[in-house]
Each structure stands twice: as C-alpha cells, then as structure tokens.
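Residue numbering for the sequence shown follows the numbering used here, starting at 63 and increasing by one per position.
Beta carbons are placed, not taken as given, at the ideal position from N, Cα and C, and that holds for glycine.
Note that the structure is a prediction, hence the values are computed from the model and not measured.
Read through the structure below, which is laid out as structure tokens, and then see the notes.
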Amino acid sequence: MLPPTLQHMKSKGYTVFERGDFNLNIVGVRKRNGQPGKWDDSISVFYRRGALWCSHHFESTVDPGLHWLHKRQLNVKGTAVLYPGQYRGAFEKGLHRGKYEALVQAKPVKVWRDANRDQHMDTWGEPSESGMFGINIHRAHPKKVLDEIGPYSAGCQVIRRNNDFRYFMGLIDRSIQMTGYDRFTYTLLDQWQF
C-alpha cells in the first residue's frame with residue numbers, strides 16, 4: 063500500500079515514482095507553525111524494494127536559518143525560502159559549495175524572498191521568483207549535532223545529522239546504480255496541507 067505521504071502527493075497531482083527498485087521519492091515537509099532557526103522539519107525518502115515500500119525520515123530544516131533571515135542576506139532581494147511544490151529532475155549529485163557531495167540544484171526552482179530582516183519567514187502569496195539560486199540538499203556540521211541551524215541554511219534543504227546525511231547520499235548512489243537516472247525530483251509540502 064502507498065505510504066500516506068505519497069497518497070497525499072498523488073491527491074495534489076504530483077508524480078509518485080512507484081516502478082522499479084530504488085526509484086526515490088524525496089519529500090520535504092515544512093512544519094506547521096515552525097520556528098526559524100530550529101530543526102523542526104523533515105526530509106524523507108520513499109522507494110520500492112520489490113513489493114515493499116521503504117521509507118527513511120531525517121530531522122531537517124527546509125527553511126533558512128536566523129543567521130540569514132535576521133542578520134545577513136546573500137541577495138539584495140532577500141533571503142530565499144523554497145516555495146512548496148514538486149521540482150521534477152531539479153537536483154543532481156554534485157559538490158555543495160565546492161566542498162562535499164550533496165544534491166545540487168540543476169533546474170530552476172521557485173522561491174519567496176524575505177527581505178525585512180525580522181525573525182519570521184514571509185511565506186504567503188505567489189513566489190517572488192524562479193531561477194537558479196544554489197538551493198541544494200546538504201548536511202549541517204560534519205561533526206557536531208547543532209541545536210540551532212545557524213549559517214547552515216540560506217534557503218537550502220538541510221539534514222541535521224551527518225550520519226543521516228551519509229545514509230541519504232548512500233540512497234542517492236544506490237538509486238543511480240539501480241535506475242540509471244542521475245537527476246532527482248524533490249517535493250516540498252506544507253504540513254498544514256495534510
């Protein structure tokens with residue numbers, strides 16, 4: 063039976079990859095009433111292995127940290143906040159900021175821009191823009207489990223624990239090996255939509 067998160071995706075008209083082993087469905091969920099700077103979101107991976115559905119869930123953030131929202135911005139238009147939706151084939155394996163392997167943006171995505179430097183994300187209405195912004199899926203600190211997001215997300219989707227991230231990247235490698243595809247679809251959902 064299809065996992066509930068994937069059932070919800072189907073109800074919204076999103077593609078769910080149901081055929082073939084290790085054909086990954088990568089799904090971020092933004093927590094309802096989440097707090098910027100906190101690890102209160104999730105990134106999950108769902109895939110079939112034979113007749114069984116497998117899933118892995120990673121403590122994450124899909125939001126920028128307070129470091130970028132409140133103090134410093136990389137773009138004069140404001141800090142990027144990824145807009146909910148499905149981004150088909152928008153990510154591929156590459157180097158995050160030239161340093162370590164991660165999933166990096168390969169096609170345009172939609173973002174809101176939060177420019178008022180307060181401690182709240184401005185996430186309403188239509189997205190501000192679409193384009194290539196370096197919105198990657200990567201890890202936080204390589205050795206520590208941090209209480210706060212700090213500078214680790216300026217709009218990226220970030221897995222909190224390095225061990226979890228290594229496992230995630232192992233799934234990416236296995237998927238490439240099993241399916242022959244090197245592009246990945248990422249779906250971002252809002253918890254309040256469930």
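Query, Result
"May I ask which residues mark the beginning and end of the alpha helix (DSSP H) holding residue 200?", "Taken as a continuous stretch (DSSP letters only), residue 200 belongs to no alpha helix (DSSP H), being part of the beta strand (DSSP E) at 199-201."
"Over the uninterrupted alpha helix (DSSP H) stretch that includes residue 232, give me the two end residues.", "224-241"
"Exposed or buried, residue 77, counting other C-beta atoms within 10 Å across all chains shown (16 or more means buried)?", "exposed"
"Can you list, in chain order, the residues of its chain whose CB lies under 8 Å from that of residue 64, leaving out five sequence neighbours each side?", "72, 78, 80, 115"
"Beta carbon of residue 171, beta carbon of residue 190: below 8 Å?", "no"
"From residue 149 to residue 68, what does the alpha carbon distance come to, in whole angstroms?", "15 Å"
"In chain order, which beta strand (DSSP E) runs of at least 3 residues are fully inside the segment 65-101?", "87-92"
"Excluding the 5 residues flanking residue 215 on each side, which residues of the same chain have their C-beta closer than 6 Å to its C-beta?", "123, 126, 127"
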